[in-house]
Amino acid sequence: MARVRYETATDAELLARTGDDAEAFGAFYDRFEAQLLAFFWHATRRADLAADLTAETFAAALESSPSFRPELGSARAWLFGIARHELADAWAHERVEDRARRRLGLDPLTLTDAALERIEELGSGDSRALELLDDLPADQRIAIAARVVDERGYAELAQSLSCSPSVVRQRVSRGLRGLRARLEQAQ
Amino acid sequence: MSYLPALRASLVQAAEREGAVRPGERRAVPAIAIASLRSRRARSVALNLALGLAATAVGLGAAGVFERGTPVGPEVRPSPTTNEGVAIPGTVKLLPLRVADPAGGLPWGLRVLRTTRGLTCVQLGRVDFGTVGFLGRDGGFANDGRFHPLSQNYFNTPFGCAPTDGHGQAFLNAFLQDRPASGGEPGRGCGAEEDRTSGHVARRRPTCPLSDLREISFGLLGPDAVSVTHLTASGTLATTPTTGADGAYLVVLPHATKGCLVPDASRRFPAQCEVGFQGDTGGPGVPSGAITAVTYRDGHVCHVPPPGSRASLFERCPPVGFVATPASEPTSAALAARISIRKLPARSYCAPRHGEGVGPCGAHVPRGFRRLTGGWPSLLVEISFTSRVAITDSHSFYEFNLTMPRSRTCTTGGNFGPTNYDIRTGQRVSSRMFVPYRCPGIVRGSVSYVPLVGPATAMPVPGLPGQGTAIPVGSFAFRVP
């Protein structure tokens, strides 16, 4: 599969191709690496744990990729579902598991200082945006999270929020304006 | 550019290896197994429907026919100063809300109590004899058909406890999937179990008739919440007032055949949901599930993100009305202590069958203990220090952190663990943690003090909502051979 095909393939298509084309999983990894690292950093506030949990999540996702069923939902939600389970496991057992990595025989993860610093930057930036998001009124916060973070359509959002698409657009627009103002104040 | 290029390369190599064995082996066998399971289930459901047996609870479910059975006690002997603590006499109250079970019989209810460790806990179950309990059915209690009342110190209801705030309120919510209709936890009889054959995803496989499984939402929203809007078994939405000053709610629905409560475009119920989102969720905010909105006294309405959306990971209806407990946080200087390290090398280690603690053991396993097996060969290390402040409840705790040396053989970033018990000023505090021998070199660690500053779960883990900034107590380092 040519590189350009990876870029135009959907997340689900990349997972479906993984069994025949290992690099497709690499492309899937590229799409979600930063998001997962930021998610785990936000939860643990530690770059090394975030990297560890990200590695285990991708390993578990690779193992489970044959069972992924796009008709049940998006690959992104599926991946974050695995991530949340890994996080819960880590909290419950007070350690990061490496079962999936061992089963797959993955090379040990070596973390350089530079990599840890980049993860810290990634996570703390994400964290500040999320914290600022928390300051917005609830209706705007929900609309931004659903539209900007989750990339859901206005029509779909309007249905789930029981309002018109124009109201959702208004909430997103006002929320983003408010977020920009807060970011400028913070800088 | 990738943040972890070596991880990416390893995954792609692993994908190549996996792909090489997949076509003939890994896919075909589970596919046949799942197909036959589905077929058997479908036949069973069809037969039950044809015979009018879909509601298997009918025989046992008529209110008042139950005899009282043995009480359900806590799994671990309760202590007033450890974990949840014990129920404070006089605080235990059965809430007046009653919710019908989809198959009839005894109603569902909630009991609320305060504990000696500053928590408010909710107990979920069927209601009879003026209390909550589990029914001897669904494989639990040997199907004795009796009503088993819950002990006041039974704290196994998932997400059932939360720190009590400065006004005596608590904010907790839970969405439990595939709970047995008996009221009991899945471990006590049938329920659902995780299917780990295909990896690490919690794909759930019911082990009892689907008609005996329930999807349950419950919680305490505080005095400002006036109602919740929720799904009903028919697929419509309904709005139900909360109960009492606790702002309590409880919704009991039949099993969702696709495992998750997501209204589809036409708002028919049940609809599909991502595999990864199945399972129990909860916390101080209202999680995605059966509850779609919360209405507050001032008129504002909080909409809960639908399950399966990424927003549902980050966005929950936040607690409203939390009042922080007035307390002054100690400074790092007031907390500072010298940290001691003791290595406990042994060929094998044992842990109590019930309760916490681990230690070296020889050929003989002490009574009440079990030998720990599996995992990488590890060194047990005891970290200890003398506490300079008192911890009197669950509103603060000490946190131990270990960071492993970086090497080619060490894939674990670190371990972490909190204290979860009361501590006196001057008391020696210790924690034992395993360090794998595949992480040779200098292990660095720290001890911190973490206060609660907002609505939180009863689980003391930094990073979860409500946990304050960790205040340093001391740091340490030791070598793993």
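Residue numbers (the numbering used here), protein chains in the order written: chain V, 299 to 485; chain U, 866 to 1346.
Even glycine gets a Cβ: it sits at the ideal position worked out from N, Cα and C.
Owing to the predicted nature of the structure, the values given are computational and were not obtained by experimental measurement.
Between the alpha carbons of residue i and residue j, how many angstroms are there, rounded?
i, j, result
"D1030(U)", "Y1263(U)", "20 Å"
"A381(V)", "S1340(U)", "30 Å"
"V997(U)", "R979(U)", "16 Å"
"P1346(U)", "R1271(U)", "14 Å"
"A386(V)", "P1028(U)", "20 Å"
"F994(U)", "L971(U)", "11 Å"
"R1235(U)", "R1289(U)", "31 Å"
"F1020(U)", "V987(U)", "8 Å"
"A1335(U)", "T410(V)", "25 Å"
"A441(V)", "R469(V)", "6 Å"
"T1022(U)", "T308(V)", "40 Å"
"V465(V)", "R475(V)", "15 Å"
"T1209(U)", "S1193(U)", "Sequence inspection shows Leu at residue 1209(U); the Thr mentioned does not correspond to that position. Whole-angstrom Cα-Cα distance: 37 Å."
"T355(V)", "P967(U)", "37 Å"
"R467(V)", "T1157(U)", "21 Å"
"Y1302(U)", "R1273(U)", "13 Å"
"T1322(U)", "F323(V)", "36 Å"
"L1000(U)", "L1244(U)", "45 Å"
"P1184(U)", "A1035(U)", "9 Å"
"T1238(U)", "M1298(U)", "15 Å"
So residue i and residue j are in contact, right, with Cβ under 8 Å, and what is the actual spacing, rounded?
i, j, result
"G974(U)", "L960(U)", "7 Å"
"L377(V)", "A880(U)", "Not confirmed; about 15 Å, so no contact."
"S1295(U)", "I1248(U)", "7 Å"
"P1045(U)", "P936(U)", "About 18 Å separates the two Cβ atoms, so there is no contact after all."
"F1250(U)", "S1205(U)", "7 Å"
"R1011(U)", "G934(U)", "3 Å"
"G1048(U)", "R976(U)", "That pair is no contact at about 12 Å."
"R873(U)", "S1259(U)", "Actually they are not in contact, since the Cβ atoms of R873(U) and S1259(U) sit about 41 Å apart, beyond 8 Å."
"P1316(U)", "G1333(U)", "4 Å"
What are the partner residues of residue i, as DSSP defines its beta bridges?
i, result
"R1273(U)", "DSSP output for R1273(U) lists no bridge partner at all."
"I1248(U)", "I1206(U), S1296(U)"
"F1234(U)", "P1217(U)"
"C1026(U)", "C986(U)"
"L1282(U)", "Checking the sequence shown, residue 1282(U) turns out to be Gly, not Leu. Bridge partners of G1282(U): F1265(U)."
"V1116(U)", "S1082(U)"
"R991(U)", "W973(U), G998(U)"
"I1336(U)", "Y1314(U)"
"S1243(U)", "P1301(U)"
"L1015(U)", "V937(U)"
Let me know if residue i comes out buried or exposed under the rule of 16 or more other beta-carbons within 10 Å of its beta-carbon.
i, result
"V1188(U)", "exposed"
"A965(U)", "exposed"
"A1113(U)", "buried"
"D396(V)", "buried"
"I417(V)", "buried"
"S1313(U)", "buried"
"A1110(U)", "exposed"
"D1163(U)", "exposed"
"G1291(U)", "exposed"
"L346(V)", "First, the residue type needs correcting, since residue 346(V) is Asp and not Leu in the sequence shown. D346(V) should be labelled buried."
"G1147(U)", "buried"
"A1255(U)", "exposed"
"H383(V)", "buried"
"S1213(U)", "exposed"
"A1090(U)", "buried"
"I1307(U)", "exposed"
"H1095(U)", "buried"
"D1077(U)", "buried"
"P1149(U)", "buried"
"D318(V)", "exposed"
"V1230(U)", "exposed"
"E305(V)", "exposed"
"P1119(U)", "buried"
"G955(U)", "exposed"
"R1079(U)", "buried"
Please confirm if residue i has its CB atom under 8 Å from at least one CB of chain C.
i, result
"E883(U)", "The chain inventory of the structure shown lacks chain C, comprising the protein chains V and U."
Does the ligand FMN have even one heavy atom less than 7 Å from the beta-carbon of residue i?
i, result
"W973(U)", "Annotation note on the ligand FMN: not contained in the displayed structure, which lists no ligands."
Exercise. Which residues, in order along the region 866–879 of chain U, keep a beta-carbon less than 7 Å from a beta-carbon of chain V?
Worked result: S867, Y868, L869, A871, L872, R873, S875, L876, V877, A879
Exercise. Residues in the region 1239–1273 of chain U with C-beta within 7 Å of chain V's C-beta atoms, listed in sequence order?
Worked result: T1268, R1271, R1273
Exercise. Which residues, in chain order, does the region 316–335 of chain V contribute to contact with chain U at a C-beta distance below 7 Å?
Worked result: T316, G317, D318, A320, E321, F323, G324, Y327, D328, E331, A332, L335
Exercise. The region 1200–1215 of chain U: which residues have C-beta closer than 8 Å to a C-beta of chain V, in chain order?
Worked result: none
For this session: Could you list the residues in the region 1018–1037 of chain U with a C-beta less than 7 Å from some C-beta on chain V, going in chain order?
Result: none
Problem set entry | the region 982–1014 of chain U: positions lying closer than 7 Å to chain V by Cβ | none
Exercise. Going along the region 304–315 of chain V in order, which residues come within less than 9 Å of chain U, judged by CB to CB distance?
Worked result: none
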